[in-house]
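Colleague: Per our numbering, the very first residue in the sequence shown carries number 24; after that it's consecutive.
Positions of the beta carbon are idealized from the N, C-alpha and C atoms, including for glycine.
Just so we're clear, the structure is a prediction, and the values are computed from it rather than from any experiment.
Pasting a structure here, questions to come.
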Amino acid sequence: MRLFFVWCIFIVIIPCPLGASVVPRFQDNHIPISELIRFAQNEQLIVLHPHQELLLPIGNGKKKKFDVRFVTTISLIDAPIQRVRSVITDFINYHEFMPQTESSKLISQTKDHVVHDVKLSVKVPLIHIGFRFTLDYFMAPNGDITWSRVKGDIQGNVGRYELIAVSPNRTMLILTYWAELQGIGFLMRLLLRMQPDLALAIPISSGSLIVDAIKKRSEMTSKTLSYPKNLPWHPNIPLMTNAKLPVETLQLLSRIGTLIFVHPPQWIRSTDNPPVAIRFVTAAARMQGPLKAVKPLVTTFSRYPEFMYQVKYAKQQMTYDGMLVDWRLGFGFAIFRFNLDFMLDYEWKSNTILTYHCKSGDIEKSYGAWEWIRLSDNQTMTFFTTAVPIDANVPFILQFTRMVPNSQVVMGASSTVVTIEKMTPWVESQVLEAMNLYQ
Numbered sequence: 024m025r026l027f028f029v030w031c032i033f034i035v036i037i038p039c040p041l042g043a044s045v046v047p048r049f050q051d052n053h054i055p056i057s058e059l060i061r062f063a064q065n066e067q068l069i070v071l072h073p074h075q076e077l078l079l080p081i082g083n084g085k086k087k088k089f090d091v092r093f094v095t096t097i098s099l100i101d102a103p104i105q106r107v108r109s110v111i112t113d114f115i116n117y118h119e120f121m122p123q124t125e126s127s128k129l130i131s132q133t134k135d136h137v138v139h140d141v142k143l144s145v146k147v148p149l150i151h152i153g154f155r156f157t158l159d160y161f162m163a164p165n166g167d168i169t170w171s172r173v174k175g176d177i178q179g180n181v182g183r184y185e186l187i188a189v190s191p192n193r194t195m196l197i198l199t200y201w202a203e204l205q206g207i208g209f210l211m212r213l214l215l216r217m218q219p220d221l222a223l224a225i226p227i228s229s230g231s232l233i234v235d236a237i238k239k240r241s242e243m244t245s246k247t248l249s250y251p252k253n254l255p256w257h258p259n260i261p262l263m264t265n266a267k268l269p270v271e272t273l274q275l276l277s278r279i280g281t282l283i284f285v286h287p288p289q290w291i292r293s294t295d296n297p298p299v300a301i302r303f304v305t306a307a308a309r310m311q312g313p314l315k316a317v318k319p320l321v322t323t324f325s326r327y328p329e330f331m332y333q334v335k336y337a338k339q340q341m342t343y344d345g346m347l348v349d350w351r352l353g354f355g356f357a358i359f360r361f362n363l364d365f366m367l368d369y370e371w372k373s374n375t376i377l378t379y380h381c382k383s384g385d386i387e388k389s390y391g392a393w394e395w396i397r398l399s400d401n402q403t404m405t406f407f408t409t410a411v412p413i414d415a416n417v418p419f420i421l422q423f424t425r426m427v428p429n430s431q432v433v434m435g436a437s438s439t440v441v442t443i444e445k446m447t448p449w450v451e452s453q454v455l456e457a458m459n460l461y462q
């Protein structure tokens, strides 16, 4: 009995970072690694967790309650696990490869802890935001690397890296984190107030950028920009239903949160400008309702103003193989407000695949697809994929978005995630209302 109490005391006093335990460990969901490999084989798999209120450490032994929404980014890296770990823990050189990092300084280091100070500089339209913070990293016995805030401009900042050796020369990297944006300063609060959707898009894009930076550094990828020969005029729209993703794993992942896929970049021709890079983003959510009820609601675009304030109107007319939809979207960005007018040409490729491209308007190049997978008699997985490359031909005010780091992922996430998350409760309420009418 005495040994038992000694063991309990030992467990309690093992040094671990405050706040590390609140960051969910993705492997605890017990999704087979072989299945995750299928989902992250050619793109980044991102999971946007639901909101929750948590007490997080803010330094000096203090805690504060935050409305937290964790983001998990999963990617496969063609490098040994020790190589990936050495890149993540190369704190002193973060300014060489981590996005927007101006300087990085090692404050202290022990066997299990590293205290690291970072200064970041982020340029967004008409605004230059600089901030710094200090984090305490903990090298956990299970191989995870967790962190929590010590001090700085960001009041809440916690995260976790998980590394899994898929093979001797391949590693799965899982990053789960949350950072409080409002505390960065007045300019960031102004930006988020004028464009609330960025509160979702920025964490998604930031996680994607961090994982991509670690991947490039680990694989020692060349930075030389080269274009493939014989570029096409239009990209290949990545269709999720063609990937034959396992339904059981889709259900498991969708229970964790909204699913996002960041696809590899493609290059297409441009008439008067250099080749254009296009990066598709897909968001997916499980909707309560049968496929035959969900799909017509999703494709009734004229009703989108009912749940999306950005949509001023969507006028649709049927064609022999789909529909034409005349869209007007209203946006606010920093001190500017503007409308985007464009027409999308939708075409049914099958009973569950509806692709589109831009036919005319302010956005010259816009491509995407809506897809559906039947999960059960009363559950439907809905996918929304889009890419909106911003080239020299778009309206002047929209060209400012090119200044945003990882702009295509930011815009793709803003479009797909916001649409899917606002649409889901609306669709489910409409399905329930229709069911009640027929009872």
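What are the boundary residues of the beta strand (DSSP E) that Tyr336 is part of?
Modeller: 334–342
Colleague: For Lys142, name the three-state secondary structure that DSSP assigns.
Modeller: DSSP places Lys142 in strand when its eight states are reduced to three.
Colleague: By Cβ distance below 6 Å, which residues in the same chain neighbour Ala316 in space, the five residues on each side in sequence not counted?
Modeller: For Ala316, where only same-chain residues beyond five positions count, the Cβ hits under 6 Å are Val454.
Colleague: Quick one: is Glu125 buried, meaning 16 or more other Cβ sit within 10 Å of its Cβ, or exposed?
Modeller: exposed
Colleague: Can you give me the C-alpha to C-alpha distance between Leu186 and Gly353, rounded to a whole angstrom?
Modeller: Here the C-alpha atom of Leu186 lies approximately 42 Å from the C-alpha atom of Gly353.
Colleague: Can you look up Arg20 in the DSSP assignment and give me helix, strand or coil?
Modeller: Nothing can be reported for residue 20, as the shown portion of the chain is limited to 24 through 462.
Colleague: Between the stretch 47–58 and the stretch 74–86, do three or more beta carbon pairs fall short of 8 Å?
Modeller: no
Colleague: For Asp79, list the residues DSSP reports as bridge partners.
Modeller: Position check: residue 79 holds Leu in this sequence, whereas Asp was assumed. Paired residues: Lys87.
Colleague: Grab me the residues of Tyr369's own chain with a C-beta within less than 6 Å of its C-beta, minus the 5 sequence neighbours each way, in chain order.
Modeller: Gly345, Met346, Leu377, Tyr379
Colleague: Between the C-alpha atoms of Asp349 and Phe303, what's the straight-line distance to the nearest angstrom?
Modeller: 22 Å
Colleague: What do you reckon, are the CB atoms on Thr199 and Arg183 nearer than 7 Å?
Modeller: yes
Colleague: Put Met243 into one of helix, strand or coil per three-state DSSP.
Modeller: coil
Colleague: As a quick exercise: from Lys338, Gln311, Gln123, Trp201, pick the residue whose alpha carbon is nearest that of Ser399.
Modeller: Gln311
Colleague: If we count the other Cβ atoms within 10 Å of its Cβ and call it buried at 16 or more, is Ile115 buried or exposed?
Modeller: exposed
Colleague: Within 10 Å of its beta-carbon, does Pro319 have 16 or more other beta-carbons around it, so buried, or fewer, so exposed?
Modeller: exposed
Colleague: To the nearest angstrom, how far is the alpha carbon of Ser98 from that of Ile54?
Modeller: 15 Å
Colleague: When the distance is taken between beta carbons, is Val94 closer than 7 Å to Ile279?
Modeller: no
Colleague: I'd like to confirm the pairing. Which residues does DSSP put opposite Met404 in its beta bridges?
Modeller: Arg309, Ile396
Colleague: Between which two residues does the alpha helix (DSSP H) holding Thr272 run?
Modeller: For Thr272, the enclosing alpha helix (DSSP H) begins and ends at 270–279.
Colleague: Going by other Cβ atoms of all chains shown within 10 Å of its Cβ, with 16 needed for buried, is Tyr117 buried or exposed?
Modeller: With 16 or more Cβ atoms within 10 Å of its Cβ, Tyr117 is classed as buried.
Colleague: In terms of DSSP beta bridges, what is Thr447 paired with?
Modeller: Looking at the DSSP assignment, Thr447 forms no beta bridge with any residue, so it has no partner.
Colleague: Please classify Glu329: is it buried, with 16 or more other beta-carbons within 10 angstroms of its beta-carbon, or exposed?
Modeller: Counting Cβ neighbours within 10 Å, Glu329 comes out exposed, since fewer than 16 surround it.
Colleague: Counting C-beta neighbours from all protein chains within 10 Å, is the total for Lys238 16 or more, i.e. buried, or is it exposed?
Modeller: buried
Colleague: I need the straight-line Cα distance from Leu129 to Pro191, nearest angstrom please.
Modeller: 31 Å
Colleague: Using 8 Å for Cβ pairs, my map puts Leu158 next to Ser144. What's the rounded Cβ distance?
Modeller: Contact between Leu158 and Ser144 does not hold, since the beta-carbon distance rounds to 17 Å and is not under 8 Å.
Colleague: Considering only DSSP beta bridges, list what Gln132 is partnered with.
Modeller: Val137
Colleague: When the Cα of Asp167 is compared with those of Val173, Asp135, Ser57, Val450, which residue comes out closest?
Modeller: That would be Asp135, whose Cα lies nearest to the Cα of Asp167.
Colleague: For the alpha helix (DSSP H) containing Ser109, list its first residue and its last residue.
Modeller: 104–111
Colleague: Return the CA-CA distance between Arg108 and Met243, expressed in angstroms with no decimal places.
Modeller: 14 Å
Colleague: On the DSSP bridge list, what partners appear for Ala202?
Modeller: Asn180
Colleague: Taking the alpha carbon of Leu411 as the reference point, which residue from Ile291, Ala308, Ile396, Phe324 has its own alpha carbon closest?
Modeller: Here the sequence assigns Val to residue 411, which means Leu is not the residue at that position. It is Ile291 whose Cα lies nearest to the Cα of Val411.
Colleague: Which two residues bound the contiguous beta strand (DSSP E) that contains His380?
Modeller: 376–384
Colleague: Does the separation of the CB atoms of Ala307 and Phe406 fall below 7 Å?
Modeller: yes
Colleague: Could you pull the DSSP bridge partners for Met263 from this structure?
Modeller: Looking at the DSSP output, Met263 sits in no beta bridge, so it has no partner there.
Colleague: Tell me the rounded alpha-carbon separation between Phe33 and Met162.
Modeller: In this prediction, Phe33 scores a pLDDT of 28, lower than 50, which makes its location untrustworthy; the coordinate-derived value is nonetheless stated afterwards. Those two C-alpha atoms are separated by around 18 Å.
Colleague: Between the C-alpha atoms of Thr375 and Thr323, what's the straight-line distance to the nearest angstrom?
Modeller: Going by the C-alpha atoms only, they are around 15 Å apart.
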